[in-house]
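Quick note: to get the numbering used here, add 1091 to the position in the sequence shown (first position is 1).
All C-beta atoms, glycine included, are put in the ideal place defined by N, C-alpha and C.
This report refers to the structure that appears directly beneath it.
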Amino acid sequence: MGQTQMKVASLDRVWATIRREAEQIAQDEPLMASLVHSGILHHDSFERALSFRLAQKLASPEMSDLILRELADAAYQSEPEIVAAARADLLAVFDRDPACHRYVQPVLFFKGYQAVQCYRIAHWLLMQGRIDMAYFIQMRTSEAFGVDIHPGARIGQGIMIDHAHSIVIGETAVVGDNVSMLHSVTLGGTGKEDGDRHPKIGEGVMIGAGAAVLGNIKIGACSRIAAGSVVLRDVPPKTTVAGVPARVVGGAGCSEPAKTMDQRFGDPD
């Protein structure tokens, strides 16, 4: 890295930390040295490393990693907000996932984080009118990560999807900032109707594993949806819902359930 690049890295604390962590991986596990050098240390910025990593994961005989990387780079250069959202998502995972001990882990290993970043590129492509390419990225993201997010969905920043197996988010779904969800969550419709048909998730909501939120309904800010629930009606802010169909069982338990990730409710007994 040249002097200018080193200065930029030193000013970017998150990127500088990721590089230090990657260097430590290469030292501790020589068999992974090639991976961390090509995926992290060879690049001069967070977004360049991220575009490379996503392209490597999505590449297939149908679309080369070079083309996919060019698409990601174009998205990041055109819309710096996408990079800002990727950073916010990274910080959210580090803060909320007890299995995440280093900033480098989501970039290299966590499919929930990687899948959300692929969605962000697909959404950008859709907004550019490149509909078929957006659908291609959606398809490959589903195949590679088991996460199916329609590029038409609108998703905020500071998103944490833990484990991320079998996540489905529909075309007209809206997810606010600082939302957390676990595996097997569905934000879907209730039939084959067209139009605005998917849930609107407020800021700071936590959605437990296996929950299904169905229809054009509103989930109030800082609420909790218990694991396995089926939500068919609006949920008030700062409440907990549980059951099939879900009903209100109490308050949210704290001011920011998406950040605390506490899924318990009721008496500890």
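Review point. If you draw a straight line from the alpha carbon of E1120 to that of T1108, how long is it in whole angstroms?
Key: 18 Å
Point to revise | Within 8 Å, strictly: CB atoms of M1297 and P1348 | key: yes
Review point. Are the beta-carbon atoms of W1290 and I1258 separated by less than 8 Å?
Key: The sequence as given places Pro at residue 1290; Trp does not occur at that position. No, they are not a contact pair.
Practice item. Would you mind reading off the limits of the beta strand (DSSP E) that contains V1259? Key: 1258-1260
Point to revise | Minimum C-alpha distance to Q1196 - residue among A1318, G1280, R1111, H1256 | key: R1111
Check your understanding: Would DSSP call R1245 helix, strand or coil?
Key -> strand
Exercise for review: Kindly identify the DSSP beta-bridge partner or partners of R1315.
Suggested key: M1297, T1331
Review point. CB-CB under 6 Å to I1131, same chain, minus the five flanking residues each way: which ones, in chain order?
Key: A1113, A1140
**Study point:** Alpha-carbon spacing of S1346 relative to A1337, whole angstroms
**Key:** 21 Å
Check your understanding: According to DSSP, which residues form a beta bridge with S1151?
Key -> M1154
Point to revise | Neighbourhood of L1181 by C-beta distance below 8 Å, restricted to the same chain and skipping five residues each side | key: V1105, Y1194, P1197, V1198, Y1204
**Study point:** R1305, DSSP secondary structure in three states
**Key:** In the sequence on display, residue 1305 carries Leu and not Arg. Three-state DSSP puts L1305 in a strand.
**Study point:** 8 Å contact criterion, which G1267 and E1294 should meet: CB distance rounded
**Key:** 4 Å
Exercise for review: Report, in whole angstroms, the separation of the C-beta atoms of L1149 and L1159, which I expect to be a contact under 8 Å.
Suggested key: 5 Å
Check your understanding: Counting pairs of beta carbons, one from the stretch 1164-1180 and one from the stretch 1230-1243, are three or more of them closer than 8 Å?
Key -> no
Practice item. Kindly indicate which three-state DSSP category K1283 falls into: helix, strand or coil? Key: coil
Review point. Which partner residues does D1239 have in the DSSP bridge list?
Key: V1259
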